[in-house]
Amino acid sequence: MRTRSESDEAVRVELAEFAPGILPFLGLTAYLQLELYEAATRGVSGAATLEAKEVLARVAGQTLAKHQRFTDEIRRRGKEAHTAMQPYSSVIDAYIERIDVADWHQHVLSLYLVGGLFDGFFASLAHGLTDPYRGEAIEILEDDPGRVALRELLAAEIAADPKLANRLALWGRRLVGDTLLVSRAVLGLSEHREFIASEVEPVFTELIADHIRRMDRLGLTA
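Residue numbers (our numbering): 1170 to 1391.
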C-alpha cells in the first residue's frame, strides 16, 4: 500500500506530464487569481462582523499578490498581461458564473475550497514546466497562509449555527463537479501529452480526495 506522500508524488508526476507552455500557464494562473481576488472582496462587503471582514480582506490581499507576481513575470517576458490572460477568461468566467451564489456562507466556502483546490492543482502542474520560472511558480502557489484563517472563520460560523452544516455540505458537493470540468479543460492545453480521460482518472480521484479532506476539516460530509 502506498503512503500518503508516495500517492501525492505519483499524482504530481501524472499532472506534471500535462503542464502547458509557460505563457499559457502564467495567463491561466494570473486570471484565476484575479477572479479569486474579486470573489474575496465580495466576501468582505457581505461580512457581518469586523473579524470576518479582516479575514477576507487578508485573503483578498494575498490572492492579489499572487496575481501580481504572475503578471509581473508575463510583462518581464515582453507580453501584456491582459493579452496573456484573455484566451482563458471565457472558461474561468463561465466557471465563476456557475458557482456564484448570493448566500455569504456558501460564498466563503467556495473561496476556501476552490482556492485551495486550484492552488494545489496548478502547483502540481507547475512541476512539469521546463521553464526556469518553475520553482517560483510552485512557491507562489504553495504559499497558503489565508486558507487556515478561512477554515477557522467557517468553523466558528458553523459552531454558532449548526444548521449551516447541511447547507454548506450540499454546496461543497456541488462545487467539486464544476471544478473538475475546469481541470479537464486545463489538462487539454498540454504541449506534451494528449488528454485521454481514462489515463488521468487517478488525477481526478486525488483532486476529489483533496476536496473531501478540506470538507472533513470543517466537519462537513463531502
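The C-beta atom is built at its ideal place from N, Cα and C for all residues, glycine as well.
One question on the structure: do residue i and residue j come within less than 8 Å of each other, judged by their Cβ atoms?
i: I1261; j: E1204; result: yes
i: G1212; j: V1277; result: yes
i: H1361; j: A1188; result: yes
i: Y1257; j: L1197; result: yes
i: F1290; j: S1352; result: yes
i: I1309; j: H1296; result: no
i: S1293; j: A1185; result: yes
i: T1348; j: L1286; result: yes
i: V1369; j: E1183; result: yes
i: L1387; j: A1324; result: yes
i: L1337; j: H1274; result: yes
With respect to the alpha helix (DSSP H) encompassing residue i, which residues constitute its N-terminal and C-terminal limits?
i: A1271; result: Premise fails: A1271 is in no alpha helix (DSSP H) and is neither H nor E.
i: S1359; result: Where S1359 is concerned, there is no enclosing alpha helix (DSSP H), given that its DSSP letter is neither H nor E.
i: A1234; result: 1219-1245
i: Y1200; result: 1191-1215
i: E1308; result: 1303-1311
i: E1321; result: 1314-1329
i: A1378; result: 1370-1386
Alpha carbon to alpha carbon, what distance is there between residue j and residue i?
i: A1334; j: K1248; result: 45 Å
i: E1326; j: G1346; result: 25 Å
i: A1250; j: A1328; result: 42 Å
i: L1376; j: A1199; result: 21 Å
i: E1223; j: F1373; result: 34 Å
i: G1341; j: M1384; result: 7 Å
i: L1322; j: E1266; result: 24 Å
i: D1272; j: K1235; result: 26 Å
i: Q1255; j: L1201; result: 11 Å
i: T1218; j: D1269; result: 22 Å
i: R1181; j: D1288; result: Annotation note: pLDDT 47 at R1181 (below 50); position unreliable, coordinate value reported separately. R1181 and D1288: Cα-Cα distance of roughly 13 Å.
i: Y1281; j: R1238; result: 21 Å
i: K1332; j: T1390; result: 13 Å
i: A1320; j: R1303; result: Just to set this straight, residue 1320 is Arg in the shown sequence, not Ala. In a straight line, the C-alpha of R1320 is about 29 Å away from that of R1303.
i: L1233; j: D1330; result: 31 Å
i: V1355; j: P1371; result: 16 Å
i: A1209; j: L1350; result: 22 Å
Next on the checklist: Using a Cβ distance threshold of 8 Å, determine whether the stretch 1306-1315 contacts the stretch 1260-1275, with at least three qualifying pairs required.
Outcome noted: no
Next on the checklist: Under 8 Å, with one C-beta from each stretch per pair, do the stretch 1193-1200 and the stretch 1220-1234 reach the 3-pair mark?
Outcome noted: no
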